[in-house]
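In the numbering used here, the protein residues as written are 48 to 703.
Beta carbons are placed, not taken as given, at the ideal position from N, Cα and C, and that holds for glycine.
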């Protein structure tokens with residue numbers, strides 16, 4: 048969508064010269080041409096959007112955002128852009144880092160007004176690129192003033208909440224229009240933000256001045272601005288996780304209520320240890336400072352997004368006050384912190400685009416996200432945020448999911464790197480058959496496979512830790528992104544342990560079919576087994592998601608709120624009986640459905656040849672469904688195999 052567009056195109060073909068049409072078709076052609084050439088109907092393509100050039104933008108953006116209207120959740124934006132020329136194209140960010148997809152929220156921009164010297168300017172949206180605005184700047188004008196409103200969601204019916212009466216998360220990509228034709232890192236920005244009275248904020252940006260409720264930030268470039276979201280709120284706490292460091296790390300908490308901000312000594316020690324364990328793994332830091340931005344809220348979106356010098360995360364209000372209850376999500380900070388090395392500093396070359404309106408490609412997301420998923424959970428265990436047993440429980444759940452995942456038969460893991468573009472996290476009817484973003488957790492299993500293989504081949508002298516230090520920890524202190532390709536990944540693995548790593552990755556990443564990649568668990572000294580009670584992480588996950596999972600037994604998950612099926616596992620007994628997502632379970636063997644009633648029925652079916660009888664509702668229809676299942680309740684666990692060295696335990700052990 049950059050560069051000059053094609054000439055006029057009619058009905059899919061380039062038009063002939065008008066005289067040629069008249070000569071061939073006479074008076075009929077004249078009438079046709081009159082209709083074709085009439086201005087209101089002429090399908091003339093708009094001028095092109097300039098391609099980004101690696102040149103300094105001659106002016107700057109002054110950006111003022113007013114976020115005080117928390118009741119209506121409207122952010123008022125004013126911009127002044129200097130150094131503009133007559134053929135100006137303004138862009139609203141479309142392709143967003145971390146989402147790997149065109150997820151810019153152009154629909155939330157409203158009330159756009161552009162002026163120069165007090166004169167209102169006409170603008171026109173590009174008909175082929177709705178994120179681009181052509182502006183007729185008058186001769187002699189070198190700056191423009193822009194105003195618009197960012198309409199943050201007012202309820203869950205619109206989208207996930209970003210602003211509440213007590214807290215907010217603001218992403219700059221929704222609050223800026225920028226000039227086309229330049230790399231984002233070559234456009235300077237002076238930004239300010241006005242917050243409600245008495246609110247605190249957290250961000251990786253440097254505050255240069257406080258004036259009342261307005262914060263002015265030090266000049267930065269557009270790339271850093273958009274990579275530096277702001278969290279703010281009425282109830283906040285800032286904790287130094289690395290006291291005395293010249294590259295400080297802070298944990299910035301924003302909560303719905305003050306009680307959520309209470310952090311015990313043991314929790315503080317574990318989160319400080321996360322920073323220490325990352326230092327010992329990577330041996331470097333690629334930031335001047337780092338700010339964890341963490342909301343403890345059920346009023347705003349519990350997001351998980353990476354940035355180079357900050358995170359953008361949300362957890363339940365009792366994240367610190369109910370450790371066991373929040374067990375399933377406690378690897379989030381380890382994951383996002385790892386992204387500072389893998390994804391932000393070391394970045395796949397096809398994701399390192401010059402601005403936010405050039406399409407991204409995610410061909411190496413199985414490294415970017417998959418290895419980050421691996422290291423995030425390893426660091427969570429090494430730090431003490433999880434115990435080693437918690438980490439093994441989580442790994443058991445991942446392994447069991449992919450053991451049951453039938454989509455591998457037709458779709459290679461590499462193809463799932465297209466999912467952010469194809470389906471930006473919309474619900475699926477059959478996720479185990481369709482596959483979705485498996486480059487996270489299936490790739491996590493592949494990196495465990497690689498780690499244990501290196502340890503086995505080197506007799507414990509080397510490990511994937513050596514790869515992390517050499518590949519992700521290279522050039523200590525460098526902040527500018529360093530891109531990588533598949534060849535770079537293979538070469539780095541071979542430098543740690545000579546092996547046919549290309550064939551290893553080809554079989555697991557680029558080919559369909561085969562079994563779930565569980566060799567890392569087996570080589571790690573464990574076996575995936577099933578028992579009749581959930582492991583601790585699964586139990587926490589079900590409580591947090593408010594579901595009852597029978598995924599590995601009859602093959603479905605039930606929502607607590609309304610007893611509807613949230614998911615049905617492709618190929619399992621429930622699928623064979625004709626059940627689908629969205630059906631409501633009313634009764635089990637004649638008794639009104641509860642989780643306990645279904646559990647009893649599953650246990651009873653072990654000693655019987657009779658199927659489990661369900662009454663389900665689909666819209667206004669009722670059906671009796673007989674599920675032929677007799678293997679009992681099945682929940683995944685890892686069981687120690689004493690015949691194999693406990694390599695997994697060594698991987699999860701804290702490093703001194």
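Proximity of residue i and residue j at Cβ, strictly below 8 Å
| i | j | result |
| --- | --- | --- |
| residue 265 | residue 253 | yes |
| residue 278 | residue 297 | no |
| residue 243 | residue 263 | no |
| residue 270 | residue 231 | yes |
| residue 499 | residue 567 | yes |
| residue 548 | residue 537 | yes |
| residue 350 | residue 215 | no |
| residue 644 | residue 600 | no |
| residue 181 | residue 192 | no |
| residue 374 | residue 289 | no |
| residue 576 | residue 684 | yes |
| residue 330 | residue 382 | no |
| residue 178 | residue 139 | yes |
| residue 679 | residue 579 | yes |
| residue 688 | residue 546 | no |
| residue 694 | residue 502 | yes |
| residue 550 | residue 514 | no |
| residue 471 | residue 148 | yes |
For residue i, the first and last residue of its enclosing beta strand (DSSP E)
| i | result |
| --- | --- |
| residue 115 | 108-116 |
| residue 494 | Premise fails: residue 494 lies in the alpha helix (DSSP H), 488-504, not in any beta strand (DSSP E). |
| residue 255 | 254-258 |
| residue 271 | First-last for residue 271: 269-273, but that is the alpha helix (DSSP H), not the beta strand (DSSP E). |
| residue 684 | 682-687 |
| residue 122 | 121-129 |
| residue 215 | 214-217 |
Backbone CA spacing between residue i and residue j [nearest angstrom]
| i | j | result |
| --- | --- | --- |
| residue 380 | residue 318 | 9 Å |
| residue 77 | residue 236 | Confidence at residue 77 is low in this model, with a pLDDT of 36, below 50, so its placement is unreliable and no value can be given for it. |
| residue 355 | residue 479 | 33 Å |
| residue 92 | residue 670 | Confidence in residue 92 is poor, its pLDDT being 35 and thus under 50, which makes the residue's placement unreliable; the coordinate value appears in the next sentence. Whole-angstrom Cα-Cα distance: 55 Å. |
| residue 313 | residue 295 | 21 Å |
| residue 660 | residue 673 | 5 Å |
| residue 467 | residue 412 | 10 Å |
| residue 677 | residue 612 | 20 Å |
| residue 111 | residue 194 | 10 Å |
| residue 553 | residue 476 | 29 Å |
| residue 451 | residue 208 | 34 Å |
| residue 505 | residue 334 | 33 Å |
| residue 22 | residue 240 | Nothing in the structure corresponds to residue 22, since the chain is present only between 48 and 703. |
| residue 403 | residue 152 | 12 Å |
| residue 364 | residue 308 | 9 Å |
| residue 692 | residue 491 | 20 Å |
| residue 342 | residue 369 | 15 Å |
| residue 583 | residue 440 | 7 Å |
| residue 614 | residue 603 | 5 Å |
| residue 358 | residue 233 | 24 Å |
Identity of the residue in the options nearest residue i by Cα
| i | options | result |
| --- | --- | --- |
| residue 129 | 162, 114 and 117 | 162 |
| residue 633 | 233, 658, 619 and 606 | 606 |
| residue 146 | 416, 697, 280 and 675 | 416 |
| residue 564 | 489, 336, 610 and 174 | 489 |
| residue 571 | 453, 510 and 142 | 510 |
| residue 532 | 395, 428 and 311 | 395 |
| residue 189 | 165, 540 and 196 | 165 |
| residue 176 | 155, 141 and 120 | 141 |
| residue 462 | 471, 485 and 520 | 485 |
Extent of the continuous alpha helix (DSSP H) to which residue i belongs
| i | result |
| --- | --- |
| residue 426 | 417-430 |
| residue 567 | 566-570 |
| residue 596 | Per DSSP, residue 596 belongs to no alpha helix (DSSP H); it is in the beta strand (DSSP E), 594-597. |
| residue 660 | Premise fails: residue 660 lies in the beta strand (DSSP E), 659-665, not in any alpha helix (DSSP H). |
| residue 435 | 435-450 |
| residue 623 | 620-623 |
| residue 697 | 694-699 |
| residue 652 | 642-652 |
| residue 318 | 312-329 |
| residue 481 | 478-481 |
Distance between beta carbons of residue j and residue i, contact taken as under 8 Å
| i | j | result |
| --- | --- | --- |
| residue 399 | residue 212 | Their Cβ separation, rounded to whole angstroms, is 39 Å, which puts residue 399 and residue 212 out of contact at 8 Å. |
| residue 249 | residue 168 | The pair is not a contact, with the Cβ atoms about 37 Å apart (cut-off 8 Å). |
| residue 559 | residue 455 | 7 Å |
| residue 591 | residue 376 | 7 Å |
| residue 702 | residue 332 | Not a contact, Cβ separation roughly 16 Å. |
| residue 324 | residue 393 | Contact doesn't hold; Cβ gap of about 19 Å is too wide. |
| residue 23 | residue 133 | Lying before the first or after the last residue shown, residue 23 is absent from the chain, which here runs from 48 to 703. |
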